[in-house]
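Protein chains: 4
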Amino acid sequence: MAKIRKPQQSRSKQTVTSIVEAGFIAVARDGSDGLGTRKVADIAGVSVGTLYEYFANKEEILDAMNQQFASDVVAMVQPLIPELTRMPPRDAVRTLQFAFRDLLQRDNGRYLNCARWLGRQFPSAHVEPVKRVLSDLAMQYLSHNPQYARLPNIPVMAYIIIQGGIACMVSQLSEDNPPVSFDQLAEGLADMVGYMIEGGMKATS
Amino acid sequence: MAKIRKPQQSRSKQTVTSIVEAGFIAVARDGSDGLGTRKVADIAGVSVGTLYEYFANKEEILDAMNQQFASDVVAMVQPLIPELTRMPPRDAVRTLQFAFRDLLQRDNGRYLNCARWLGRQFPSAHVEPVKRVLSDLAMQYLSHNPQYARLPNIPVMAYIIIQGGIACMVSQLSEDNPPVSFDQLAEGLADMVGYMIEGGMKATS
Amino acid sequence: MAKIRKPQQSRSKQTVTSIVEAGFIAVARDGSDGLGTRKVADIAGVSVGTLYEYFANKEEILDAMNQQFASDVVAMVQPLIPELTRMPPRDAVRTLQFAFRDLLQRDNGRYLNCARWLGRQFPSAHVEPVKRVLSDLAMQYLSHNPQYARLPNIPVMAYIIIQGGIACMVSQLSEDNPPVSFDQLAEGLADMVGYMIEGGMKATS
Amino acid sequence: MAKIRKPQQSRSKQTVTSIVEAGFIAVARDGSDGLGTRKVADIAGVSVGTLYEYFANKEEILDAMNQQFASDVVAMVQPLIPELTRMPPRDAVRTLQFAFRDLLQRDNGRYLNCARWLGRQFPSAHVEPVKRVLSDLAMQYLSHNPQYARLPNIPVMAYIIIQGGIACMVSQLSEDNPPVSFDQLAEGLADMVGYMIEGGMKATS
DNA sequence: CATGAATGAGAATTCATTCAT
DNA sequence: AATGAATGAATTCTCATTCAT
Numbered sequence: 001m002a003k004i005r006k007p008q009q010s011r012s013k014q015t016v017t018s019i020v021e022a023g024f025i026a027v028a029r030d031g032s033d034g035l036g037t038r039k040v041a042d043i044a045g046v047s048v049g050t051l052y053e054y055f056a057n058k059e060e061i062l063d064a065m066n067q068q069f070a071s072d073v074v075a076m077v078q079p080l081i082p083e084l085t086r087m088p089p090r091d092a093v094r095t096l097q098f099a100f101r102d103l104l105q106r107d108n109g110r111y112l113n114c115a116r117w118l119g120r121q122f123p124s125a126h127v128e129p130v131k132r133v134l135s136d137l138a139m140q141y142l143s144h145n146p147q148y149a150r151l152p153n154i155p156v157m158a159y160i161i162i163q164g165g166i167a168c169m170v171s172q173l174s175e176d177n178p179p180v181s182f183d184q185l186a187e188g189l190a191d192m193v194g195y196m197i198e199g200g201m202k203a204t205s
Numbered sequence: 206m207a208k209i210r211k212p213q214q215s216r217s218k219q220t221v222t223s224i225v226e227a228g229f230i231a232v233a234r235d236g237s238d239g240l241g242t243r244k245v246a247d248i249a250g251v252s253v254g255t256l257y258e259y260f261a262n263k264e265e266i267l268d269a270m271n272q273q274f275a276s277d278v279v280a281m282v283q284p285l286i287p288e289l290t291r292m293p294p295r296d297a298v299r300t301l302q303f304a305f306r307d308l309l310q311r312d313n314g315r316y317l318n319c320a321r322w323l324g325r326q327f328p329s330a331h332v333e334p335v336k337r338v339l340s341d342l343a344m345q346y347l348s349h350n351p352q353y354a355r356l357p358n359i360p361v362m363a364y365i366i367i368q369g370g371i372a373c374m375v376s377q378l379s380e381d382n383p384p385v386s387f388d389q390l391a392e393g394l395a396d397m398v399g400y401m402i403e404g405g406m407k408a409t410s
Numbered sequence: 411m412a413k414i415r416k417p418q419q420s421r422s423k424q425t426v427t428s429i430v431e432a433g434f435i436a437v438a439r440d441g442s443d444g445l446g447t448r449k450v451a452d453i454a455g456v457s458v459g460t461l462y463e464y465f466a467n468k469e470e471i472l473d474a475m476n477q478q479f480a481s482d483v484v485a486m487v488q489p490l491i492p493e494l495t496r497m498p499p500r501d502a503v504r505t506l507q508f509a510f511r512d513l514l515q516r517d518n519g520r521y522l523n524c525a526r527w528l529g530r531q532f533p534s535a536h537v538e539p540v541k542r543v544l545s546d547l548a549m550q551y552l553s554h555n556p557q558y559a560r561l562p563n564i565p566v567m568a569y570i571i572i573q574g575g576i577a578c579m580v581s582q583l584s585e586d587n588p589p590v591s592f593d594q595l596a597e598g599l600a601d602m603v604g605y606m607i608e609g610g611m612k613a614t615s
Numbered sequence: 616m617a618k619i620r621k622p623q624q625s626r627s628k629q630t631v632t633s634i635v636e637a638g639f640i641a642v643a644r645d646g647s648d649g650l651g652t653r654k655v656a657d658i659a660g661v662s663v664g665t666l667y668e669y670f671a672n673k674e675e676i677l678d679a680m681n682q683q684f685a686s687d688v689v690a691m692v693q694p695l696i697p698e699l700t701r702m703p704p705r706d707a708v709r710t711l712q713f714a715f716r717d718l719l720q721r722d723n724g725r726y727l728n729c730a731r732w733l734g735r736q737f738p739s740a741h742v743e744p745v746k747r748v749l750s751d752l753a754m755q756y757l758s759h760n761p762q763y764a765r766l767p768n769i770p771v772m773a774y775i776i777i778q779g780g781i782a783c784m785v786s787q788l789s790e791d792n793p794p795v796s797f798d799q800l801a802e803g804l805a806d807m808v809g810y811m812i813e814g815g816m817k818a819t820s
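Residue numbers (the working numbering), protein chains in the order written: chain A, 1 to 205; chain B, 206 to 410; chain C, 411 to 615; chain D, 616 to 820.
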């Protein structure tokens with residue numbers, strides 16, 4: 001039953017890390033077919049057996065990758081919150097986008113490739129912390145800028161901006177000949193949020 | 206080498222159709238694992254051998270599915286254009302969204318499931334006609350509503366609306382407990398476009 | 411679901427046969443480790459894939475072997491019944507034992523090796539027909555020799571003779587230097603049954 | 616090469632014991648798949664490394680289990696001999712059977728499970744001492760009851776009774792719905808021996 | 001002495017593709 | 001044209017055994 005060992009020595013902790021690492025490299029290299037256990041083990045420089053010492057199956061590797069992504073997102077957003085809350089919406093959106101792009105492109109586009117190839121099976125679980133930090137950001141932003149609190153449909157608009165915004169960024173960054181540059185996209189999204197807020201404010205005034 | 210026959214007789218054409226059909230059914234039933242050649246052949250009611258008479262490999266079936274999707278999109282949008290061009294932006298966006306939802310959900314969510322499970326490998330090729338018809342729609346809309354032609358950044362905004370909008374819809378329709386209803390989403394996107402246009406118009410006036 | 415094809419062409423029926431055949435050969439050659447899918451496929455002269463066309467898994471091959479054994483036992487006992495019922499008990503037991511030995515040693519000890527190596531997992535299922543034919547034999551013997559019907563404990567004695575007798579034969583035939591010869595064993599068992607009947611008859615007279 | 620230590624200290628002896636113990640527990644729990652080195656080591660509460668300090672390989676653990684079984688049989692039979700030699704045959708057989716059943720069922724059916732799952736590979740070696748004690752029993756019985764010494768075929772009959780009797784007991788105790796109870800079986804075997812002796816005596820008188 | 005991380009050959013099973021009929 | 005039997009490389013996962021610490 002309790003067959004998977006939690007790493008107890010520092011050597012084994014390193015092994016776990018290198019396997020997850022290898023998972024990212026494999027996806028980056030070979031797309032959605034890259035997550036073969038053999039391939040991952042090879043890249044990690046360990047044997048298949050070792051891989052299975054720490055992960056019950058293929059799935060769990062993907063889970064670990066997810067988890068790492070989620071915590072990296074949190075680690076990126078969290079410290080930005082104070083800064084963002086002091087910006088006007090447009091600037092905040094722009095700033096967040098560039099930060100997000102950097103995250104997506106970090107380590108040879110590690111996360112970008114996952115989003116690209118693994119689609120829906122990538123952010124399968126572990127999205128909770130991400131939702132929490134984004135929700136936290138929204139809350140703090142509103143309490144620092146209470147004038148926006150009377151905007152209508154905040155949850156819906158947030159859903160659109162987040163889901164749509166991320167999709168746009170992933171799409172743009174993945175395309176070989178993107179019809180719009182990332183800067184244009186960022187500016188566009190910022191404008192869009194700006195207009196939306198201005199429009200929404202007027203509508204409820 | 207030139208082994209794949211182009212179907213020239215009606216029976217053959219029917220076979221090809223049923224294979225592509227089977228592809229959709231398979232994905233709907235078994236997700237991303239559904240596209241096994243055996244499974245598809247079984248569902249189509251033909252033998253594996255027959256399948257390979259018409260498709261050189263697995264890939265080509267997916268291609269054909271893509272192609273059908275693309276032409277269905279075109280077939281859906283094309284006839285709507287005259288109607289849409291006569292609507293105010295908000296209504297046009299809303300109408301388009303509902304039409305798109307119907308398309309995604311047609312035949313037991315055939316296309317929705319493809320977008321859901323096959324991710325980026327689904328709209329791999331054959332997007333050209335889709336781009337063309339959307340671009341056509343935009344052109345015609347602008348020539349019927351010339352006042353919007355001076356909006357800034359139309360291509361960028363279109364990119365955002367289309368990529369982001371589709372992603373939002375697919376996401377919303379795929380979720381088990383979506384945090385926002387489809388109607389709310391449609392209204393939100395419509396508002397967003399509305400605000401954007403109003404804002405953009407003012408900015409350039 | 412219905413993935414395993416029932417052989418429809420004569421070629422495939424031959425394939426199934428040769429796979430089961432190979433199962434027996436493999437066990438005879440390599441003991442309990444012989445039932446590897448690869449090994450069996452090799453011996454059968456087919457590829458692993460082909461093996462899995464007809465058997466869902468390893469288990470099913472063993473099942474088929476069982477089934478064949480069971481039907482061979484029935485085919486051996488059935489036609490002997492008329493003859494056996496006309497013999498005195500001692501002779502009947504002896505005759506049956508030699509028939510059984512021949513069956514166990516047929517085809518290079520095919521069944522003997524299975525009993526030897528696979529132990530309890532061999533006669534896992536499909537024993538029903540065997541039980542039926544033995545019970546049939548007993549019935550017919552008693553109705554032809556009604557004087558024995560008043561023997562006490564017939565079911566218990568039958569259990570002992572059958573289970574014990576088979577175990578003795580398998581054991582004797584498997585040993586490299588058996589302490590008793592098969593003929594001695596046969597004679598001994600026959601005597602034992604004889605004494606038992608005589609004793610039992612006297613006890614109830 | 617001479618790597619395996621003979622346990623010389625009491626702690627080591629305890630370790631060896633607990634490993635063999637674990638072997639029995641593992642088989643009882645998981646059947647023939649239970650004898651994995653990992654599993655045994657876990658149950659024994661030692662590491663795999665330690666296991667290999669005392670046993671060169673899996674085989675040797677099984678050997679040790681065999682050996683223990685053999686010595687337990689001897690330890691059970693030996694002290695019964697004086698008592699048994701003073702009983703009439705029927706009682707002696709019955710007594711021995713119940714003693715044997717107790718041994719098979721001891722410690723949650725430890726030995727019964729081994730006989731059940733490991734089949735022929737269980738009493739692989741180390742049967743010599745068992746044979747010796749049984750032969751000793753027979754000798755002593757005959758010298759205390761010399762009237763039976765003129766029975767014909769004593770070795771053959773003994774073979775049948777022992778091999779057949781054990782098989783019957785293991786079979787009966789292993790079955791979920793045994794067609795005969797253990798008591799019936801014991802009585803039946805006792806009767807059988809009784810009849811055999813009576814018959815045999817008469818035959819040679 | 002003891003540990004447990006690491007190994008890697010090998011097992012079962014799948015699946016895209018080919019080919020004889 | 002159509003069939004479906006056959007293929008075999010590739011994949012996931014296991015387990016007896018070794019070895020550095």
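No residue lacks a Cβ here, since even glycine has one placed at the ideal position from N, Cα and C.
Values in this document were obtained by computation on a predicted structure and should not be read as measured data.
Taking all protein chains shown into account, decide if ASP183 of chain A is buried (16 or more other Cβ within 10 angstroms of its Cβ) or exposed.
-> Counted from its first residue, the first sequence places residue 183 of chain A at position 183. Counting Cβ neighbours within 10 Å, ASP183 of chain A comes out exposed, since fewer than 16 surround it.
Contacting residues, own chain, Cβ-Cβ under 7 Å from THR37 of chain A (five flanking each side not counted) = On the first sequence, position 37 is the one that residue 37 of chain A refers to. Excluding residues up to 5 positions away in sequence, VAL48, LEU51, LYS58 lie with their Cβ nearer than 7 Å to the Cβ of THR37 of chain A in the same chain.
Taking Cβ positions, are HIS741 of chain D and ALA685 of chain D nearer each other than 8 Å?
-> Residue 741 of chain D sits at position 126 when you count from the first residue of the fourth sequence. Residue 685 of chain D sits at position 70 when you count from the first residue of the fourth sequence. Closer than 8 Å, so yes.
Between the CA atoms of GLN755 of chain D and LEU749 of chain D - distance to the nearest angstrom = Numbered from 1 along the fourth sequence, position 134 holds the residue referred to as residue 749 of chain D. Numbered from 1 along the fourth sequence, position 140 holds the residue referred to as residue 755 of chain D. Spanning the two alpha carbons is a distance of roughly 10 Å.
Assuming VAL808 of chain D contacts VAL708 of chain D under a Cβ cut-off of 8 Å, what Cβ separation, rounded to an integer in Å, is found between them?
-> The residue you call residue 808 of chain D lines up with position 193 of the fourth sequence. The residue you call residue 708 of chain D lines up with position 93 of the fourth sequence. Yes, they are in contact, since the Cβ atoms of VAL808 of chain D and VAL708 of chain D sit about 5 Å apart, within 8 Å.
For MET281 of chain B and ASN350 of chain B, the rounded distance between their alpha carbons | Taking the first residue of the second sequence as position 1, residue 350 of chain B is located at position 145. Taking the first residue of the second sequence as position 1, residue 281 of chain B is located at position 76. About 22 Å.
Under 8 Å, do ASN523 of chain C and ALA438 of chain C count as touching if we go by C-beta distance?
-> Translated into positions along the third sequence, residue 523 of chain C becomes position 113. Translated into positions along the third sequence, residue 438 of chain C becomes position 28. Annotated as proximal: ASN523 of chain C and ALA438 of chain C, with beta-carbon spacing under 8 Å.
Kindly indicate which residue of C:ASP546, C:TYR464, C:ASP601 has the alpha-carbon position closest to the one of PRO492 of chain C.
-> As a first step, residue 492 of chain C is located in the third sequence; it is residue number 82 there, counting from the start. Comparing Cα-Cα distances from PRO492 of chain C to each of C:ASP546, C:TYR464, C:ASP601, the minimum goes to C:ASP546.
Taking TYR774 of chain D as the query, report the chain C residues whose CB atoms sit under 9 Å from its CB, ordered along the chain.
-> For this step, residue 774 of chain D is matched to residue 159 along the fourth sequence. In chain order: CYS578, SER581, GLN582, PRO588, PRO589, VAL590, GLN594, LEU595, GLY598.
Within 10 angstroms of its Cβ, does MET411 of chain C collect 16 or more other Cβ (buried), or is it exposed?
-> Here residue 411 of chain C refers to the residue found at position 1 of the third sequence. Because the pLDDT of MET411 of chain C is 39, which lies under 50, any placement of that residue in the model is unreliable, and the number read from its coordinates should be weighed accordingly. Classified as exposed, MET411 of chain C has fewer than 16 neighbouring CB atoms from the shown chains inside 10 Å of its CB.
If you check the beta carbons only, do GLY609 of chain C and GLY814 of chain D fall under 8 Å apart?
-> As a position in the third sequence, residue 609 of chain C is number 199, starting the count at 1. As a position in the fourth sequence, residue 814 of chain D is number 199, starting the count at 1. Contact flag set, yes.
Flag GLY194 of chain A as yes if its beta-carbon sits less than 8 Å from any beta-carbon of chain B, otherwise no.
-> Indexing the first sequence from 1 puts residue 194 of chain A at position 194. Output row for GLY194 of chain A: interface = yes.
Opening and closing residue of the alpha helix (DSSP H) in which MET790 of chain D lies = Stepping through the fourth sequence from its first residue, residue 790 of chain D is reached at position 175. In the sequence as presented, Met is not what sits at residue 790 of chain D; that position holds Glu. First-last for GLU790 of chain D: undefined, no H or E at that position.
Could you round the C-beta distance between ASN681 of chain D and PHE737 of chain D to whole angstroms and report it? I think they count as a contact, below 8 Å.
-> The residue you call residue 681 of chain D lines up with position 66 of the fourth sequence. The residue you call residue 737 of chain D lines up with position 122 of the fourth sequence. Right, their Cβ atoms sit about 7 Å apart.
In whole angstroms, what is the alpha-carbon distance linking ASN518 of chain C and ALA436 of chain C?
-> Along the third sequence, read from residue 1 onward, the residue named residue 518 of chain C stands at position 108. Along the third sequence, read from residue 1 onward, the residue named residue 436 of chain C stands at position 26. ASN518 of chain C and ALA436 of chain C: Cα-Cα distance of roughly 12 Å.
Could you spell out the range, first to last residue, of the alpha helix (DSSP H) harbouring VAL93 of chain A?
-> Numbered from its first residue, the first sequence carries residue 93 of chain A at position 93. 89 to 118 is the span of the alpha helix (DSSP H), which, as asked, contains VAL93 of chain A.
Are the beta-carbon atoms belonging to GLN693 of chain D and VAL635 of chain D less than 8 Å from one another?
-> Along the fourth sequence, one-based indexing puts residue 693 of chain D at 78. Along the fourth sequence, one-based indexing puts residue 635 of chain D at 20. Here GLN693 of chain D is not near VAL635 of chain D, since their CB atoms are 8 Å or more apart.
Any chain D beta carbon closer than 8 Å to GLY529 of chain C | Numbered from its first residue, the third sequence carries residue 529 of chain C at position 119. Answer yes: the Cβ-Cβ gap between GLY529 of chain C and chain D drops below 8 Å somewhere.
Taking C-alpha atoms, which residue in B:LEU356, B:ILE366, B:SER348, B:VAL278 lies nearest to LYS407 of chain B?
-> If you number the second sequence from 1, residue 407 of chain B lands on position 202. LYS407 of chain B has its Cα closest to that of B:LEU356, out of B:LEU356, B:ILE366, B:SER348, B:VAL278.
What are the boundary residues of the alpha helix (DSSP H) that ALA568 of chain C is part of?
-> Residue 568 of chain C sits at position 158 when you count from the first residue of the third sequence. Taken as a continuous stretch (DSSP letters only), the alpha helix (DSSP H) holding ALA568 of chain C covers 564 to 569.
Listing by chain order, which chain A residues have their CB less than 7 Å from the CB of PRO360 of chain B?
-> Within the second sequence, the letter at position 155 stands for residue 360 of chain B. Result: PRO179, VAL180.
Beta-carbon proximity check, GLY369 of chain B vs GLY164 of chain A, cutoff 8 Å = Position 164 of the second sequence, counting from 1, holds the residue named residue 369 of chain B. Position 164 of the first sequence, counting from 1, holds the residue named residue 164 of chain A. Result yes, Cβ atoms of GLY369 of chain B and GLY164 of chain A sit closer than 8 Å.
Anything in chain D within Cβ reach of VAL609 of chain C, meaning under 9 Å, just list it in chain order.
-> Translated into the one-based positions of the third sequence, residue 609 of chain C becomes position 199. In the sequence under discussion, the amino acid at residue 609 of chain C is Gly, which differs from the Val named in the question. Here the neighbours are ASP806, MET807, GLY809, TYR810, MET811, GLU813, GLY814.
Taking GLN573 of chain C as the query, report the chain D residues whose CB atoms sit under 7 Å from its CB, ordered along the chain.
-> Residue 573 of chain C sits at position 163 when you count from the first residue of the third sequence. Neighbours of GLN573 of chain C on chain D, chain order: ALA782, CYS783, SER786.
Indicate whether GLY188 of chain A and ASN358 of chain B have their beta-carbon atoms separated by less than 8 Å.
-> Here residue 188 of chain A refers to the residue found at position 188 of the first sequence. Here residue 358 of chain B refers to the residue found at position 153 of the second sequence. Yes.
Assigned exposure category for LYS746 of chain D - 16 Cβ within 10 Å defines buried = As a position in the fourth sequence, residue 746 of chain D is number 131, starting the count at 1. Label assigned to LYS746 of chain D: exposed.
Hey, out of A:ARG86, A:GLU60, A:SER205, whose CA is closest to LEU206 of chain A's CA?
-> Any question about residue 206 of chain A goes unanswered here, given that chain A covers just 1 to 205.
DSSP on ASN170 of chain B, reduced to helix/strand/coil?
-> With chain B covering only 206 through 410, there is no way to say anything about residue 170 of chain B.
Nearest neighbour of ILE781 of chain D, chosen from D:LEU719, D:ASP806, D:LYS654 [CA to CA] | Sequence index remark: in the fourth sequence, residue 781 of chain D carries index 166 (1-based). When each option's Cα is compared against that of ILE781 of chain D, the closest is D:LEU719.
On a CA-only basis, which of B:ASP296, B:ASP307, B:LYS218 is nearest ALA269 of chain B? Give me that one, please.
-> Numbered from 1 along the second sequence, position 64 holds the residue referred to as residue 269 of chain B. Nearest of B:ASP296, B:ASP307, B:LYS218 to ALA269 of chain B, Cα basis: B:LYS218.
With 16 other Cβ atoms within 10 Å as the buried cut-off, status of ALA805 of chain D | Numbered from 1 along the fourth sequence, position 190 holds the residue referred to as residue 805 of chain D. ALA805 of chain D is buried by the Cβ-count criterion.
Return helix, strand or coil for ASN57 of chain A, following the three-state DSSP convention.
-> Residue mapping note: residue 57 of chain A aligns to position 57 of the first sequence, counting from 1. The answer is coil: DSSP assigns ASN57 of chain A none of H, G, I, E or B.
Could you tell me if SER410 of chain B is buried or exposed, where buried requires 16 or more neighbouring beta carbons within 10 angstroms of its beta carbon?
-> By one-based count along the second sequence, residue 410 of chain B stands at place 205. Per the 10 Å Cβ criterion, exposed.
Go ahead and pull the three-state DSSP assignment for PHE797 of chain D.
-> Taking the fourth sequence and counting its residues from 1, one reaches residue 797 of chain D at position 182. Three-state DSSP puts PHE797 of chain D in a helix.
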